[in-house]
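K.L.:
Counting in my numbering, the sequence shown runs from 8 upward without gaps. Note that beta-carbon positions come from the ideal geometry of N, C-alpha and C, so glycine has one too. Since we're looking at a predicted model, the values are computed, not measured.
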Amino acid sequence: MKKLDQDDMKRQNRSTVFQIIKQHQPISRAAIAKQTGMSPTTVSRIIAEFSDEGYVVDMEEQASAGRGRKSTLIRLREHSVLSVGVQIDREFGMLAIVDVQGNVMTSTSFAREPGEAAETTARRIGGKLTELVEGSGMDRCRLVGLGIGVPGIVNVEDGTVRLSVQLGWREVGLAGMITETTGLPVVVDNELKLKGLAEQLRGAAQGSSRTVLLGFGHGVGSALIRRGEIYRGATNSAGEIAHMMMNPQGMMCDCGNVGCLQTFITIPSLLSEARKMEPIDTFGELFEQWQSGKRWASFLLEQALVYMAMTVNNVVSMYNPDRVIVSGEMIDPYPEIYEALVDLCRTKYIWEPLRGTFSISRSDLARHGVLIGSGLVAQNVYFQLN
Ligand SMILES: [Zn+2]
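1. For the putative contact between LEU220 and GLU206, defined by C-beta atoms under 8 Å, what is the C-beta separation to the nearest angstrom?
2. Identify the residues that DSSP records as bridge partners of GLN94: which are they?
3. Thinking C-alpha only, which one of MET253, PRO342, VAL323 and MET325 is nearest PHE294?
4. Would you identify the three-state DSSP class for ARG21, choosing helix, strand or coil?
5. Return yes when at least one heavy atom of ligand 1 lies under 7 Å from the C-beta of GLN269, else no.
6. For VAL265, collect the residues of the same chain with a Cβ closer than 7 Å to its Cβ; drop the 5 residues on either side in sequence, then sort them by chain order.
7. Go ahead and pull the three-state DSSP assignment for GLU67.
8. Any chance the region 308-319 sits against the region 264-279, with 3 or more Cβ pairs inside 8 Å?
9. The alpha helix (DSSP H) spanning SER6 covers which residue range?
10. Does the region 173-180 come within contact of the region 287-301, defined as at least 3 CB pairs closer than 8 Å?
11. Return the first residue and the last residue of the alpha helix (DSSP H) that ASN264 is part of.
12. If you run the structure through DSSP and keep just helix, strand and coil, what is ALA230?
13. What residues in its chain sit with their C-beta under 6 Å from that of ASN162, if we drop five residues either side in the sequence?
14. So, are the CB atoms of VAL107 and ILE155 less than 8 Å apart?
15. Return the CA-CA distance between ALA212 and ALA124, expressed in angstroms with no decimal places.
16. Spatial neighbours of SER87 within its chain, please: CB distance less than 6 Å, with the 5 preceding and 5 following residues excluded, ordered by chain position.
17. For the candidate residues GLU56, VAL323, ASP96 and VAL194, whose alpha-carbon lies nearest to that of ARG119?
18. Enumerate in chain order the residues of its own chain whose CB-to-CB distance from ASP339 is below 6 Å, with the five nearest sequence positions on each side excluded.
Printed below as a string of structure tokens:
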């Protein structure tokens, strides 16, 4: 491990103090020193820097009963730090401007061609960001960075998308391209990891110290968030469960193995099976066929539900979380699917000793989760680097 030099220490201290103000504002210098274990002098120096940079303001607190002295509390200046959160998916992209609390100030979306080159998507993002900033009348100087969530495996160190089957990208230097079209420092990460982080900080998993987020949709994946930190593994691939082998006699997977999890439960694999029976285009149509009692649709969806419940059990056995959030295009719009999944988990598929050790819920943030997570991560990087 790299030894921390003095500059690293300063950056780390700034970031720590900023996080504490963000979480506990308004707060006194003394309380910050107490919580961080830093000396009052160090805390005062950092606050003075933040104040000069326009991030924090002092507010005077009335003396508490019995004491004559007034103490000064610090709070963040409203909208002093903003960032851009971006989500890139197969057929669309979304952008939002996010404040330090993770509130979405304004957002927009754009259509993209499946398989579109990264350079084209980067140009679209540059154009949309300019429209968004001009339309909202906010000061572009307040944007400290931009975070992007993509489906696939990402090298977070250099912002390269190593492989995204859904976007059709391999070894794409995305961060550099977006910096070129927006002029902002850029961080790139896997979308489920960012969504999980957002749910723990701002959504359905607030108060949880070990959150698992599962995504069921065009792909299948999971993310583990431990006390506000994304668990990454050695190459940021922790939680990539799509190619866990479930059945050696199963169907061929596009990765070259057989019986991978994704061959049982993703939207494309379910649709390709469904089309053997009827010419349907979307998962919504398959869902309607199930609801209307079509036998073939029941076989398909109920088998998928069993594999989803097995996935919850397998992931929970591996990570031992206190909270599980299930999300994605197969869950968010369909309460019936969510209820059926929870029922299978409760009655059958969760290993006995783990029952009752975690709670399960849907996502609170749904379509804004990735935007909020990517915006907040961009702010954290900014405070660690400056
Ligand atoms: Zn596979």
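P.N.:
So, from the listed chains and residues:
1. 6 Å
2. MET101 and GLY156
3. PRO342
4. helix
5. Yes, Cβ of GLN269 sits closer than 7 Å to a heavy atom of ligand 1.
6. PRO255, GLY257, MET258 and MET259
7. strand
8. Contact between the region 308-319 and the region 264-279 is present, because at least three Cβ pairs lie under 8 Å.
9. An answer regarding residue 6 cannot be provided, because it is not within the stretch 8 to 393 covered by the chain.
10. no
11. Note, ASN264: premise wrong, no alpha helix (DSSP H); not H, not E.
12. DSSP places ALA230 in strand when its eight states are reduced to three.
13. ARG169
14. no
15. Using only the alpha carbons, I get a separation of about 35 Å.
16. GLY61 and TYR62
17. The shortest C-alpha separation from ARG119 is found at ASP96.
18. ALA373
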